[in-house]
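What follows is a short report on a single structure.
Chains as they are written, first to last, in this note's numbering: chain X, 3 to 258; chain G, 78 to 400.
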């Protein structure tokens, strides 16, 4: 089974975000980068499928030079080889534009399965995997927690809202977007990190793939969100703030 | 071009209520642009639901009717809606941002050469569509810059469904051409996860714990606080993903929806998936070390500080107050 996992490098979860001077994106100076959380689960699912059924796991990621560190992390965890779609203008591409880039790089690989996280932690479009399926002409299922190989293809467990689930059968090849939490993530071992350095790491540019940056949708401006409520911040030491909160809970919220 | 079309969503024989919020969003866009608002309802045997929809302020309701739309599959919905919208050429299509829409709308838009603007929370003059970025830490303003139909999905709770009914009552139907072989996936019947033994929905006081707790061994801190308050313990998704608390204690889009008198969020940053499950709480208190955390946007009271110091102090203060 040949599995391609599309992964994204995103700002680390706790990173302080500052808006850049143009007001169009965050100031990337001093930002620490990490593998997008649901993509980490997609990678884990792919590695487990390979361990059970044999085959190959190929990671692919689009973005500037810096995404190389996240790709190497995936190789250290056990992916067999990597494709870096080098692109410095991802910010100008909309969800369809990024999916077109990935589709152009994935297509010649003719994989049995394409996995990706269901949503990125930065832009949060939640569309890349579904559009990728459309562009590759493959069936898809989204919000998947578990994948099992069957004689006819694959059986997956899909998360629905409010504690409901659904099993779906798909033929292969197919595209799946993976939800966080379906399995346990592994860590890269020292041996894995060492071996990652010898693995194939192919770089290909958007221009080589023949994909332009035409977009239907533009992100014109970013801002701090508007507050829905006026929050009364209770100041002081932990003890002082706790005492002030108890007063509020007792006399204003009236729950004590 | 034929104005604004809302895609209504049936669930288990009823209208999914977020459909009415999509109608409200479309009305707002309609009054900004002067375009008429109509709706479609894909499914099978939807006469009664369509009649209900036709009592809403819509120019007309079109039932997209086919036996292969009786249960949801992405292929069937994408084929049917593409046929209808290719014929109608709408300026805008407004969808509710449900798990179902997330599953097919990006493909539908792409098949028509378009890009969905998803999970929109506000529509401004322009029109400018606002959606959240960086897990709710920032908001982004989007514009449809290309030609053709603009596809938009709206977030649950962002637009207030209008209770007033002033519909035209016009219902039409459209029969798409769908070949059975084009539906490549075999969806099974939805089922519930583990038996629910904790009903957070009726709890009056809830202490919610998030990623900030860092370590399973630290959970007794919040368990003690919940016990002192007489509150139920709840959690955000990462805590349940890690197996630190059972999934039945999860609050948010994939867990339970709660509306207690008090929701005390400890170490929860406030990603939208969590907020949709608890923003109906009467009073929200947030304890978080990051003053920029989005949870403070919905909090009535906040303590910016180290939860490992604040929570034990609060537990003590609550115990004293209750003596």
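Even glycine gets a Cβ: it sits at the ideal position worked out from N, Cα and C.
Being a predicted model, the structure only gives us computed values, none of them experimental.
8 Å Cβ cut-off: residues of chain G touching residue i
{"i": "residue 189 of chain X", "result": "Correct list: empty, because the minimum Cβ distance to chain G is about 14 Å."}
{"i": "residue 233 of chain X", "result": "363, 373, 374, 376, 377, 378, 379"}
{"i": "residue 224 of chain X", "result": "210, 215, 216, 217, 218"}
Distance between residue j and residue i (C-alpha atoms, nearest Å)
{"i": "residue 66 of chain X", "j": "residue 124 of chain X", "result": "16 Å"}
{"i": "residue 104 of chain G", "j": "residue 235 of chain G", "result": "14 Å"}
{"i": "residue 2 of chain X", "j": "residue 284 of chain G", "result": "Because residue 2 of chain X is not part of the residues shown, which for chain X are 3 to 258, the question remains open."}
{"i": "residue 397 of chain G", "j": "residue 332 of chain G", "result": "34 Å"}
{"i": "residue 197 of chain G", "j": "residue 231 of chain X", "result": "19 Å"}
{"i": "residue 35 of chain X", "j": "residue 376 of chain G", "result": "29 Å"}
{"i": "residue 172 of chain X", "j": "residue 142 of chain X", "result": "8 Å"}
{"i": "residue 361 of chain G", "j": "residue 98 of chain G", "result": "24 Å"}
{"i": "residue 168 of chain X", "j": "residue 160 of chain X", "result": "5 Å"}
{"i": "residue 250 of chain G", "j": "residue 258 of chain G", "result": "24 Å"}
{"i": "residue 193 of chain X", "j": "residue 81 of chain X", "result": "13 Å"}
{"i": "residue 83 of chain G", "j": "residue 127 of chain X", "result": "20 Å"}
{"i": "residue 137 of chain X", "j": "residue 263 of chain G", "result": "21 Å"}
{"i": "residue 295 of chain G", "j": "residue 320 of chain G", "result": "14 Å"}
{"i": "residue 177 of chain X", "j": "residue 165 of chain X", "result": "24 Å"}
{"i": "residue 111 of chain G", "j": "residue 125 of chain G", "result": "29 Å"}
{"i": "residue 241 of chain X", "j": "residue 379 of chain G", "result": "14 Å"}
{"i": "residue 347 of chain G", "j": "residue 214 of chain X", "result": "36 Å"}
{"i": "residue 265 of chain G", "j": "residue 155 of chain X", "result": "15 Å"}
{"i": "residue 183 of chain G", "j": "residue 180 of chain X", "result": "16 Å"}
{"i": "residue 222 of chain X", "j": "residue 203 of chain G", "result": "12 Å"}
{"i": "residue 162 of chain G", "j": "residue 156 of chain G", "result": "10 Å"}
{"i": "residue 92 of chain G", "j": "residue 175 of chain G", "result": "13 Å"}
{"i": "residue 64 of chain X", "j": "residue 169 of chain G", "result": "30 Å"}
{"i": "residue 277 of chain G", "j": "residue 165 of chain G", "result": "45 Å"}
{"i": "residue 385 of chain G", "j": "residue 249 of chain X", "result": "21 Å"}
{"i": "residue 179 of chain G", "j": "residue 120 of chain X", "result": "10 Å"}
Per DSSP, cross-strand counterpart(s) of residue i
{"i": "residue 360 of chain G", "result": "G:339"}
{"i": "residue 323 of chain G", "result": "DSSP, once it has assigned bridges, lists no residue as partnering residue 323 of chain G."}
{"i": "residue 83 of chain X", "result": "X:60"}
{"i": "residue 93 of chain G", "result": "Answer is none; residue 93 of chain G lacks a bridge partner."}
{"i": "residue 115 of chain G", "result": "G:82"}
{"i": "residue 227 of chain G", "result": "G:169"}
{"i": "residue 175 of chain G", "result": "The partner list for residue 175 of chain G (beta bridge, DSSP) is empty, contrary to what the question assumes."}
{"i": "residue 218 of chain G", "result": "X:223, G:207"}
{"i": "residue 169 of chain X", "result": "X:159"}
{"i": "residue 365 of chain G", "result": "G:381"}
{"i": "residue 264 of chain G", "result": "X:170"}
{"i": "residue 13 of chain X", "result": "X:35"}
{"i": "residue 119 of chain X", "result": "X:180"}
Contact list for residue i against chain G, beta-carbon separation under 7 Å
{"i": "residue 142 of chain X", "result": "151"}
{"i": "residue 109 of chain X", "result": "Residues of chain G passing the Cβ test: none, with the nearest at roughly 15 Å."}
{"i": "residue 19 of chain X", "result": "211, 214, 215"}
{"i": "residue 10 of chain X", "result": "What residue 10 of chain X touches in chain G: nothing, since even the nearest Cβ is about 13 Å away."}
{"i": "residue 199 of chain X", "result": "Near residue 199 of chain X there are no residues of chain G at all, since even the closest Cβ is about 31 Å away, more than 7 Å."}
{"i": "residue 129 of chain X", "result": "183, 193, 195"}
Of the residues the options, the one placed nearest residue i, counting alpha carbons only
{"i": "residue 108 of chain G", "options": "G:151, G:200, G:388", "result": "G:200"}
{"i": "residue 43 of chain X", "options": "X:189, X:173, X:97", "result": "X:189"}
{"i": "residue 298 of chain G", "options": "G:279, G:343, G:264, G:268", "result": "G:343"}
{"i": "residue 160 of chain G", "options": "G:168, G:181, G:189", "result": "G:189"}
{"i": "residue 90 of chain X", "options": "X:100, X:54, X:200", "result": "X:100"}
{"i": "residue 29 of chain X", "options": "X:37, X:18, X:215", "result": "X:18"}
{"i": "residue 221 of chain G", "options": "X:139, X:217, X:88", "result": "X:217"}
{"i": "residue 13 of chain X", "options": "X:201, X:245, X:49, X:72", "result": "X:72"}
{"i": "residue 152 of chain G", "options": "G:253, G:372, G:368", "result": "G:253"}
{"i": "residue 345 of chain G", "options": "G:357, G:338, G:329", "result": "G:329"}
{"i": "residue 185 of chain G", "options": "X:130, X:118, X:109", "result": "X:130"}
{"i": "residue 284 of chain X", "options": "X:258, X:249, X:86, X:38", "result": "Any answer about residue 284 of chain X is impossible in this case: the structure gives chain X only from 3 up to 258."}
Proximal chain X residues relative to residue i, where beta-carbon distance stays under 7 Å
{"i": "residue 399 of chain G", "result": "258"}
{"i": "residue 263 of chain G", "result": "170, 171"}
{"i": "residue 382 of chain G", "result": "240, 243"}
{"i": "residue 386 of chain G", "result": "240"}
{"i": "residue 330 of chain G", "result": "163"}
Where residue i meets chain X, residues with beta-carbon distance less than 8 Å
{"i": "residue 269 of chain G", "result": "165, 166, 167"}
{"i": "residue 194 of chain G", "result": "219"}
{"i": "residue 91 of chain G", "result": "Going along chain X, no residue has its Cβ under 8 Å from residue 91 of chain G, so there is no contact; the nearest lies around 14 Å."}
Residue i: contacting residues in chain X (beta-carbon distance under 9 Å)
{"i": "residue 96 of chain G", "result": "Result: empty, since nearest Cβ-Cβ is about 14 Å, beyond 9 Å."}
Cross-chain neighbours of residue i in chain G, by beta carbon under 9 Å
{"i": "residue 79 of chain X", "result": "Near residue 79 of chain X there are no residues of chain G at all, since even the closest Cβ is about 18 Å away, more than 9 Å."}
Where the region 170-185 of chain X meets chain G: residues whose CB sits under 7 Å from a CB there
If you check each beta-carbon in the region 170-185 of chain X against every beta-carbon of chain G, the ones closer than 7 Å belong to 170, 171, 172, 173, 182, 183.
Near-chain G residues of the region 134-159 of chain X - C-beta to any C-beta below 8 Å
Answer in chain order: 135, 136, 137, 141, 142, 143, 144, 145.
To be precise: take each residue of the region 206-219 of chain X, compare its Cβ to all Cβ atoms of chain G, and keep it if any distance is under 9 Å. Which residues remain?
Residues passing the 9 Å Cβ filter: 216, 217, 218, 219.
Any residues in the region 217-250 of chain G with a beta carbon nearer than 7 Å to a beta carbon of chain X? Which ones, in chain order?
The residues in question are 217, 218, 219, 220, 221, 222, 223.
Listed from N- to C-terminal order along the chain, which residues in the region 280-304 of chain G have their beta-carbon within a distance smaller than 9 Å of any beta-carbon of chain X?
Answer set for the region 280-304 of chain G: 281, 282, 288.
The region 46-72 of chain X: positions lying closer than 8 Å to chain G by Cβ
Under the 8 Å Cβ criterion, the region 46-72 of chain X contributes no residue.
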